[in-house]
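Single-structure report; data block below.
In the numbering used here, the protein residues as written are 2 to 197.
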């Protein structure tokens, strides 16, 4: 979307290479890796939620995010986590959904490399285990438990001009955000949500 990413030395930016999944799992990739990263971080830092589809929130602040790309037989998962610096509100793009924050990595005694080593092991093991032991439907139940602002009213932004308020009710079997807009079900394929 041609948006800049502001960072500073000491934050963590890395790419994880994973094997392809099959079937419905392919549609759920951004949710899968967002969920796995949230699980891994919660094991170290406490409560972590996911702003659909894959931004990482601690205390309603965005502390990181992921981008997932397919390259040949592999999935590339780009991960960015704010460990020592986060942009101030004045540095964020106009209309940003949430304030940026930092993961308290120092409190766990981990720098960027130590945290990355811990995350790599958890993410790789979690990915294999998830695909082997859960169906996509079972995974979506797990994901919904981490969904930020579920049951709350949000401002929805679709494209440059479409804005409305709705209540987050869940996630569809394809990983789309499901909302209640004045009694009608709306399925959001792409866009942004902000709590109101």
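C-beta atoms are modelled at their ideal positions from N, C-alpha and C, and glycine is treated no differently.
Source: prediction; values computed, not measured.
message: Just to confirm my understanding: we take residue 187, look at its own chain, exclude 5 residues before and 5 after, and list those with CB closer than 7 Å. What are they?
response: Locating residue 187 in the chain shown gives position 186, where the first residue counts as 1. So the qualifying residues of the chain are 167, 180.
Where residue 159 sits in the DSSP three-state scheme: For this step, residue 159 is matched to residue 158 along the chain shown. Reduced to three states, the DSSP call for residue 159 is strand.
query: So what does DSSP say about residue 20, is it helix, strand or coil?
result: One-based indexing of the chain shown puts residue 20 at position 19. It is a strand residue.
- prompt: At which residues does the beta strand (DSSP E) containing residue 65 begin and terminate?
  reply: If you number the chain shown from 1, residue 65 lands on position 64. Note, residue 65: beta strand (DSSP E), 62–72.
message: In whole angstroms, give me the CA-to-CA distance for residue 74 and residue 23.
response: Locating residue 74 in the chain shown gives position 73, counting from the first residue. Locating residue 23 in the chain shown gives position 22, counting from the first residue. C-alpha separation (whole angstroms): 11 Å.
field: Spatial distance of residue 43 from residue 58 (CA atoms)
entry: Numbered from its first residue, the chain shown carries residue 43 at position 42. Numbered from its first residue, the chain shown carries residue 58 at position 57. Near 11 Å, if we compare the C-alpha coordinates of residue 58 and residue 43.
field: Beta-carbon gap between residue 149 and residue 170 smaller than 9 Å
entry: For this step, residue 149 is matched to residue 148 along the chain shown. For this step, residue 170 is matched to residue 169 along the chain shown. No, Cβ-Cβ distance for residue 149 and residue 170 is not below 9 Å.
message: Given this structure, state the Cα-to-Cα distance separating residue 50 from residue 147, to the nearest angstrom.
response: Counting from one through the chain shown, the residue named residue 50 turns up at place 49. Counting from one through the chain shown, the residue named residue 147 turns up at place 146. C-alpha separation (whole angstroms): 5 Å.
query: Cα separation between residue 77 and residue 117?
result: Here residue 77 is taken as the residue at index 76 of the chain shown, counted from 1. Here residue 117 is taken as the residue at index 116 of the chain shown, counted from 1. Taking the straight line from one Cα to the other gives about 15 Å.
query: Once you ignore the five residues that flank residue 141 on each side, which residues in its own chain have a CB closer than 7 Å to its CB?
result: Translated into positions along the chain shown, residue 141 becomes position 140. So the list reads 172, 174, once near-sequence residues are dropped.
- prompt: Would DSSP call residue 164 helix, strand or coil?
  reply: Residue mapping note: residue 164 aligns to position 163 of the chain shown, counting from 1. Strand.
- prompt: Between which two residues does the beta strand (DSSP E) containing residue 124 stretch?
  reply: On the chain shown, position 123 is the one that residue 124 refers to. Not the beta strand (DSSP E): residue 124 falls in the alpha helix (DSSP H), residues 113–134.
- request: Write down the C-beta distance between residue 85 and residue 9 rounded to the nearest angstrom, noting that I regard them as a contact closer than 8 Å.
  value: Position 84 of the chain shown, counted from the first residue, corresponds to residue 85. Position 8 of the chain shown, counted from the first residue, corresponds to residue 9. Yes, residue 85 and residue 9 are in contact; Cβ-Cβ is about 7 Å, under 8 Å.
message: So for residue 7, helix, strand or coil by DSSP?
response: As a working mapping, residue 7 is identified with position 6 in the chain shown. In the structure shown, residue 7 sits in coil (DSSP, three-state: anything other than H, G, I, E or B).
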